[in-house]
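When the count follows full-length UniProt numbering, it moves up by one through the sequence shown with no breaks and lands on 159 for the last residue. Don't be surprised by glycine CBs; every beta carbon is placed ideally from N, CA and C. Note sheet for the following structure.
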Amino acid sequence: MEIRTYRNEDLIQMIVLWNEVVAEGNAFPQDEPLTEENAASFFSSQTVAAVAVERDEVQGLYILHPNNVGRCGHIANASYAVSSKLRGLHIGEALVKDSLEKAREHGFRIMQFNAVVASNIHARHLYESLGFHPLGIIKGGFRLENGSYVDIVPYFKEL
Numbered sequence: 001m002e003i004r005t006y007r008n009e010d011l012i013q014m015i016v017l018w019n020e021v022v023a024e025g026n027a028f029p030q031d032e033p034l035t036e037e038n039a040a041s042f043f044s045s046q047t048v049a050a051v052a053v054e055r056d057e058v059q060g061l062y063i064l065h066p067n068n069v070g071r072c073g074h075i076a077n078a079s080y081a082v083s084s085k086l087r088g089l090h091i092g093e094a095l096v097k098d099s100l101e102k103a104r105e106h107g108f109r110i111m112q113f114n115a116v117v118a119s120n121i122h123a124r125h126l127y128e129s130l131g132f133h134p135l136g137i138i139k140g141g142f143r144l145e146n147g148s149y150v151d152i153v154p155y156f157k158e159l
């Protein structure tokens with residue numbers, strides 16, 4: 001598996017993968033799917049948009065960008081997506097590690113995740129195993145597809 005900056009020929013697969021996670025409704029805050037019309041703009045506007053590829057198949061992706069501006073512009077934020085049929089194969093771990101390296105290369109000093117759904121135990125375990133620290137619990141911070149609310153846990157790691 002290779003992790004690299006995305007290419008235009010990856011966009012269709014990236015859209016499918018991103019929208020799969022959006023449709024699952026339990027990880028990304030977005031509730032609108034990407035379209036072919038807005039995906040190129042979305043991914044190109046990130047500090048880094050990278051894909052995990054094997055045999056021309058996009059198996060996972062991440063986006064990396066500032067979490068804030070100005071005096072907090074040294075804090076990065078990232079989102080990760082792995083194909084549901086390939087979860088559990090450590091693709092997510094490879095993506096997170098790559099994003100941490102890229103964040104350092106781009107001058108970020110901290111990585112912060114604002115809204116990790118508390119019940120997403122696999123992501124939480126991964127982040128904690130990589131040295132991320134939870135910042136507490138935000139009760140009802142994430143709205144599920146059915147309209148109910150679940151807790152989120154912000155995380156951070158010094159780079």
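Buried/exposed call for residue i, threshold 16 Cβ in 10 Å
{"i": "Y149", "result": "exposed"}
{"i": "D31", "result": "exposed"}
{"i": "K139", "result": "exposed"}
{"i": "K85", "result": "exposed"}
{"i": "I91", "result": "buried"}
{"i": "R144", "result": "The sequence given here places Leu at residue 144; Arg does not occur at that position. Under this definition L144 is an exposed residue."}
{"i": "V53", "result": "buried"}
Cα-Cα separation between residue i and residue j, rounded to whole angstroms
{"i": "G88", "j": "L126", "result": "11 Å"}
{"i": "G131", "j": "R55", "result": "32 Å"}
{"i": "A27", "j": "R4", "result": "23 Å"}
{"i": "residue 173", "j": "E24", "result": "With the chain represented from 1 up to 159, any question about residue 173 goes unanswered, as that position is not in the structure."}
{"i": "I137", "j": "K102", "result": "28 Å"}
{"i": "Y155", "j": "N67", "result": "12 Å"}
{"i": "G73", "j": "D98", "result": "20 Å"}
{"i": "A123", "j": "Q46", "result": "22 Å"}
Bounding residues of the beta strand (DSSP E) (the contiguous stretch that carries residue i)
{"i": "G60", "result": "57-66"}
{"i": "E2", "result": "2-5"}
{"i": "K157", "result": "149-158"}
From the options, residue whose alpha carbon lies closest to that of residue i
{"i": "M111", "options": "A78, S129, H90, P33", "result": "A78"}
{"i": "L61", "options": "M14, A123, A40", "result": "M14"}
{"i": "V21", "options": "S45, V53, F43, V82", "result": "V82"}
{"i": "W18", "options": "M1, G107, Y80", "result": "Y80"}
{"i": "N120", "options": "L95, S41, F142, R109", "result": "F142"}
{"i": "H65", "options": "E128, F113, D10, E2", "result": "F113"}
Rounded distance between the beta-carbons of residue j and residue i, thought under 8 Å
{"i": "V48", "j": "V58", "result": "About 15 Å separates the two Cβ atoms, so there is no contact after all."}
{"i": "I152", "j": "V117", "result": "6 Å"}
Residue range of the unbroken alpha helix (DSSP H) whose run includes residue i
{"i": "V22", "result": "11-24"}
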